[in-house]
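Engineer: To start, I am sharing the structure in question, which I have written as structure tokens.
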Amino acid sequence: MKIVTIVGARPQFIKCSALSRLTRAHPRVEEVLVHTGQHYDSTMSDVFFEQLGIEKPRYHLGTGGRSHGAMTAMQLDGIEKILTAERPEVVLVYGDTNSTLAGALAAAKLCIPIAHVEAGLRSFNRRMPEEINRLLTDHVSEWLFTPSAEATRNLAREGIGAERVHEVGDIMYDVALFFGARARDEPPPPELAGRLDPRGYAVATVHRAENTDDPVHLAAIVGALADLSRRMPVVLPLHPRTRKALSQTGLADDARNIIFLDPLGYLELTKLVQDAALVATDSGGLQKEAFFHRVPCVTLRTVTEWVELVDLGWNRLPRQLERAAINEAVAAALQHRPTTAASPYGAGDTAERILAMLDGAYPPTP
Ligand code: UD1
């Protein structure tokens, strides 16, 4: 069985590492990796390939740094050519980025079955580019691998046939288990050496367009993190989009206590999260990683796709995206540590389950 896997953005490199490790060892499966180039800096891309042992992509499309339309169109064109040449049994896409949608569209037009890992997530906010990418990808996919019961229910509500939906758990949990132990021995980034006490600091990330491109939201977030930084160190590795927005708005000038860093590798960030008192983030992946390492989290949005974590008390949402409301959520998260042992995202064997299902469905031709 030949699988063409499409990746392009940071969280996809992390997710694909789990399944790619298995395909490499599988006698009957060939995986062809395509990197769309949506994320292209060494800190946003190369470091993940090195740290997570992902094979060098066979194709690299170099489509980063463009508008949504231009990027998606260029990806679509490049992926169509690759699929026509490679003729795989399945095209595998992850998550909700422009690269996900381009991979799904290209495959759908060529009538190649699509496997979507992390299917069924919804924010119910169609102003988010990610929501459009998820909806469209799910509706053209043959294999919808959901991470949770809630995601499975979302697909049922949209009329997607249950025979296409497989609740396999969250593949990021596989990665957190596999690399979590290795991250424990990771030295801190040099800028942080000697500055952080275990459970005495917070880690924050901000990258969503809904926050970085809205000066009111960005000011509320930076203001709240600055307030927290007067209580404990706040480490904020900056996504390139956020760095640009902060320098354009001058907002960072009023937040001198925050420790701004370049983006971190997976192991460095995991180590920081493992020992933190709190995570504050608008990233879906980091919300879950906080939970996997049992660190309370405040989401820097008023909605989340990972609703289970809010129900369990590990994640808190501000009532509004305002400084005072974020401060309230932070105070509550630091005060009340949940004790539940629930594990809503499977057993850490998601990649194995996906590969077994695909392998069973495409037997060797006699
Ligand atoms: C994308 C995904 C989002 C995902 C996120 C993870 C879409 C619509 N969004 O958002 O779902 O959660 O990735 O990070 O696909 N840039 C660099 N260097 C890089 C990468 C990007 O400077 O290595 C710049 C780009 O040129 C652009 C900005 O950062 O100006 C944003 O990058 P973009 O590819 O639009 O997506 P993300 O915001 O990262």
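When you number the sequence shown by our numbering, it's gap-free, plus one each residue, and the end is 441.
Ideal placement from N, C-alpha and C gives every residue a C-beta, glycine not left out.
For clarity, every value in this text was computed on a predicted model and none was experimentally measured.
Is it the case that the Cβ atoms of T374 and T356 are separated by a distance below 8 Å?
Structural biologist: Closer than 8 Å, so yes.
Engineer: Would you check if the distance between the CB atom of K363 and the CB atom of M247 is smaller than 8 Å?
Structural biologist: Yes, these two residues count as a Cβ contact at 8 Å.
Engineer: Are the C-beta of L342 and some C-beta of chain B separated by less than 8 Å?
Structural biologist: The structure shown contains no chain B; it holds only a single protein chain.
Engineer: Quick check: the region 77 to 94 against the region 159 to 177, are at least 3 beta-carbon pairs closer than 8 Å?
Structural biologist: Cβ pair count under 8 Å is three or more, so yes.
Engineer: My output table needs one value for R239: the three-state DSSP class, helix, strand or coil.
Structural biologist: If DSSP states are grouped into helix, strand and coil, R239 belongs with the helices.
Engineer: Any heavy atom of ligand 1 inside 7 Å of the beta-carbon of G137?
Structural biologist: Incorrect: G137 has no Cβ contact closer than 7 Å to ligand 1.
Engineer: Suppose only complete runs of 3+ residues qualify. What are the beta strand (DSSP E) ranges in the region 275 to 344, listed by chain order?
Structural biologist: As far as the region 275 to 344 is concerned, its whole beta strand (DSSP E) runs of at least 3 residues are 277 to 280, 309 to 312, 334 to 336.
Engineer: Are there any heavy atoms of ligand 1 lying less than 7 Å away from the beta-carbon of D249, as far as the coordinates show?
Structural biologist: D249 Cβ: outside cutoff for every heavy atom of ligand 1.
Engineer: Since L211 contacts L176 with CB under 8 Å, what's their CB separation in whole angstroms?
Structural biologist: Confirmed, Cβ separation roughly 6 Å.
Engineer: Going by DSSP, what residue range makes up the beta strand (DSSP E) through L185?
Structural biologist: No beta strand (DSSP E) contains L185, which DSSP labels as neither H nor E.
Engineer: Taking only runs of the beta strand (DSSP E) that begin and end inside the region 347 to 420, which ones reach a length of at least 3 residues, in chain order?
Structural biologist: Counting whole runs of 3 or more residues, the region 347 to 420 contains the beta strand (DSSP E) stretches 353 to 356, 372 to 374.
Engineer: Please state if the CB of D329 and the CB of R103 are separated by a distance shorter than 8 Å.
Structural biologist: Not in contact: R103 and D329 (Cβ atoms no closer than 8 Å).
Engineer: Helix, strand or coil for E261 per DSSP?
Structural biologist: If DSSP states are grouped into helix, strand and coil, E261 belongs with coil.
Engineer: Classify C186: buried if its beta carbon has 16 or more other beta carbons within 10 angstroms, exposed otherwise.
Structural biologist: Result: exposed.
Engineer: Flag Y341 as yes when its Cβ comes closer than 7 Å to any non-hydrogen atom of ligand 1, and as no otherwise.
Structural biologist: No, the beta carbon of Y341 sits no closer than 7 Å to any heavy atom of ligand 1.
Engineer: Would you decide whether V122 is buried or exposed? Buried here means 16 or more other CB atoms lie within 10 Å of its CB.
Structural biologist: Buried, since its Cβ has 16 or more Cβ neighbours within 10 Å.
Engineer: In whole angstroms, give me the CA-to-CA distance for A231 and F220.
Structural biologist: Between A231 and F220, the C-alpha separation is close to 13 Å.
Engineer: Using three-state DSSP, classify Y115 as helix, strand or coil.
Structural biologist: It is coil, neither helix nor strand.
Engineer: For G140, verify whether its CB is less than 7 Å away from any heavy atom of ligand 1.
Structural biologist: Checking the Cβ of G140 against ligand 1 gives yes.
Engineer: For H143, which residues of its own chain have a beta-carbon under 7 Å away from its beta-carbon, when the five flanking residues on both sides are left out?
Structural biologist: Excluding sequence neighbours, H143 sits near N173, P204.
Engineer: Check for me: the alpha helix (DSSP H) holding H101 runs from which residue to which?
Structural biologist: Premise fails: H101 is in no alpha helix (DSSP H) and is neither H nor E.
Engineer: Can you give me the start and stop residues for the beta strand (DSSP E) that F449 sits inside?
Structural biologist: Nothing about residue 449 can be read from this structure; the chain reaches only from 76 to 441.
Engineer: Using CA coordinates, which residue listed in S92, I189, A190 is at the minimum distance from R124?
Structural biologist: Here residue 124 turns out to be Phe, not Arg, going by the sequence shown. Of the listed residues, the one whose Cα sits closest to F124 is S92.
Engineer: Below 8 Å between beta carbons: does that hold for P290 and T324?
Structural biologist: Yes, the pair counts as a contact, with Cβ atoms nearer than the cut-off.
Engineer: For L313, which residues of its own chain have a beta-carbon under 6 Å away from its beta-carbon, when the five flanking residues on both sides are left out?
Structural biologist: Excluding residues within five positions, the ones whose Cβ falls inside 6 Å are F335.
Engineer: Indicate whether the contact test is met: 3 or more Cβ pairs, each with one atom in the region 394 to 413 and one in the region 126 to 140, closer than 8 Å.
Structural biologist: With the cut-off at 8 Å, the region 394 to 413 and the region 126 to 140 do not touch.
Engineer: Span of the alpha helix (DSSP H) holding K156?
Structural biologist: First-last of the alpha helix (DSSP H) with K156: 143 to 161.
Engineer: What does a CB cutoff of less than 6 Å around R283 pick up in its chain, not counting 5 residues either side in sequence?
Structural biologist: Within the same chain, R283 has close Cβ partners D357.
Engineer: Considering only heavy atoms of ligand 1, does any lie closer than 7 Å to the CB of H292?
Structural biologist: For ligand 1, not one heavy atom lies less than 7 Å from the Cβ of H292.
Engineer: Please report the distance separating the alpha-carbon of V348 from that of A365.
Structural biologist: Whole-angstrom Cα-Cα distance: 6 Å.
Engineer: Less than 7 Å between the CB of M149 and some heavy atom of ligand 1, yes or no?
Structural biologist: M149 Cβ: outside cutoff for every heavy atom of ligand 1.
Engineer: Nearest-angstrom Cα distance between L151 and I235?
Structural biologist: Cα to Cα, L151 sits roughly 24 Å from I235.
Engineer: Please report how far the alpha carbon of A183 lies from the alpha carbon of D171, in whole angstroms.
Structural biologist: Straight-line Cα distance between these residues: approximately 16 Å.
Engineer: Note down the Cα distance separating L430 from H214, rounded to an integer number of angstroms.
Structural biologist: About 21 Å.
Engineer: Among I189, I401, A422, D386, whose alpha-carbon lies nearest the alpha-carbon of T414?
Structural biologist: Per the Cα distances, D386.
Engineer: Hey, would you say the C-beta of D337 is under 7 Å away from at least one heavy atom of ligand 1?
Structural biologist: No, since every heavy atom of ligand 1 falls outside the 7 Å radius drawn around the Cβ of D337.
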